[in-house]
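Numbering (our numbering), first residue to last: 205 to 591. All C-beta atoms, glycine included, are put in the ideal place defined by N, C-alpha and C. Worksheet: one structure, shown below.
Right, here's the structure in full:
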């Protein structure tokens, strides 16, 4: 019976998706699958039993992806499961930045014991006057699951929306409103937009993409919203622009000593996906990905291996091979299987960067000696017998 372990609290509605053929264990070393949220796994030793790690969320900075790839451990995440929660926080951030709501609430708290507070409110409220979102230009950097939701909702709120994403997927493009201006140069967003919100993954090429040079190209009084990752922004450059008035407000979901409490910075305590609905959605998706992989070998939403699907395993045997993306690998596999008298009923091979994944359905049981030969091929990380 396959076993799974939880490294963090995972919503029960998600764990309930496991059928009776799976068993939860407290011993992570005997688990074939691990469910995780924020627990840091970089220093963890992985047992040979471990087949997959499912992150109930989008970010995987807490997981050693390269080491997992070399051990044939598939790492899943749950893109889009928390998209609506983050989208709603983006709009909360824009409203807080545009209407001086935070300062107004602080003023009420400071004057709560004033018997004349109602009269004084009429005198003081002018200092908290803000601006409306309708008619303003919103620039969205990154049109993934969250960015598309933000874009479409902003259209309904009467905003003029610009979207930038050179790698937007066909699926997300289909869901994007035709009223959105899709720009091919991010500088068009810097130059045109009153509000800019960032929704890209943190990678080497996106680290501090919003820097002093980018800020210089922005409109005076721009509002920047960052609910993605703090390292996407050069926050020292942002604060300098905030202090000079170039940036009207900086809204971030990532408190740190640089931005916390800084004037005209609105910082929330990483609330983007912290809704009951988001946690439930992430848990359900993570369990479904893990269960399908352990039972059938199918990969969906992996961050270190390519997507690959042969459906429910109905063949006599199914094997999965993790290997380097290099020439002659498929020929090596088929040669060994042919020498063993195996007939290949169906095969799928997908690659992603330097790694690849091959699933093969066979018409007869596969012998242990054949698996040993496949495992010994140069460039093979792992061979797994699914059935």
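Asked: Contact belief for residue 279 with residue 508 at Cβ below 8 Å, rounded distance in angstroms; Found: 5 Å
Asked: Status (buried if at least 16 other CB within 10 Å, exposed otherwise) for residue 360; Found: exposed
Asked: Buried or exposed (CB count within 10 angstroms, at least 16 for buried), residue 223; Found: exposed
Asked: Backbone CA spacing between residue 448 and residue 261 [nearest angstrom]; Found: 37 Å
Asked: Beta-ladder partner(s) of residue 430, from DSSP; Found: 402 and 456
Asked: Per-residue DSSP class, three states only, for residue 364; Found: strand
Asked: 8 Å contact criterion, which residue 236 and residue 206 should meet: CB distance rounded; Found: 5 Å
Asked: Test item: CB-CB of residue 529 and residue 558 under 8 Å; Found: yes
Asked: Beta-carbon proximity of residue 443 to residue 466, cut-off 8 Å; Found: yes
Asked: For residue 280, the first and last residue of its enclosing alpha helix (DSSP H); Found: Unbroken run through residue 280 is the beta strand (DSSP E), 278-280; no alpha helix (DSSP H).
Asked: For residue 371, the nearest candidate out of 365, 381, 357 and 351 (CA to CA); Found: 351
Asked: Three-way DSSP call (helix, strand, coil) for residue 184 in this model; Found: The requested residue 184 is not part of the displayed model; the chain covers only 205 to 591.
Asked: Local conformation of residue 295 per DSSP, three classes; Found: helix
Asked: Distance between residue 461 and residue 211 (C-alpha atoms, nearest Å); Found: 28 Å
Asked: Residue 426 versus residue 398 - alpha carbon distance; Found: 5 Å
Asked: Residue 363 classed as buried or exposed, judged by whether at least 16 other C-beta atoms fall within 10 angstroms; Found: buried
Asked: Contact check, residue 289 vs residue 482, beta carbons under 8 Å; Found: yes
Asked: Secondary structure of residue 538, DSSP reduced to three states; Found: helix
Asked: Integer Cβ distance of residue 393 from residue 366, believed to fall under 8 Å; Found: 5 Å
Asked: Cβ pair residue 593, residue 485 closer than 8 Å; Found: The question about residue 593 has no answer here: the residues shown for the chain are numbered 205 through 591.
Asked: The stretch 376-385 in contact with the stretch 408-417 per 3-pair CB rule at 8 Å; Found: no
Asked: Under 8 Å between C-beta atoms of residue 472 and residue 464; Found: no
Asked: Sequence-distant residues of the same chain with beta carbon closer than 6 Å to residue 488, five excluded per side; Found: 218 and 221
Asked: Pair within 8 Å by beta-carbon distance, residue 403 and residue 345; Found: yes
Asked: Residue 231 - partner residues in DSSP beta bridges; Found: The partner list for residue 231 (beta bridge, DSSP) is empty, contrary to what the question assumes.
Asked: Cut-off 6 Å between Cβ atoms - residues of its own chain near residue 273, not counting five sequence neighbours on either side; Found: 508 and 559
Asked: Residue 233 beta carbon less than 8 Å from that of residue 259; Found: no
Asked: Among 317, 322, 266 and 356, the one whose alpha carbon lies nearest that of residue 295; Found: 356
Asked: Residue 606 versus residue 585: straight-line alpha-carbon distance, rounded; Found: With the chain represented from 205 up to 591, any question about residue 606 goes unanswered, as that position is not in the structure.
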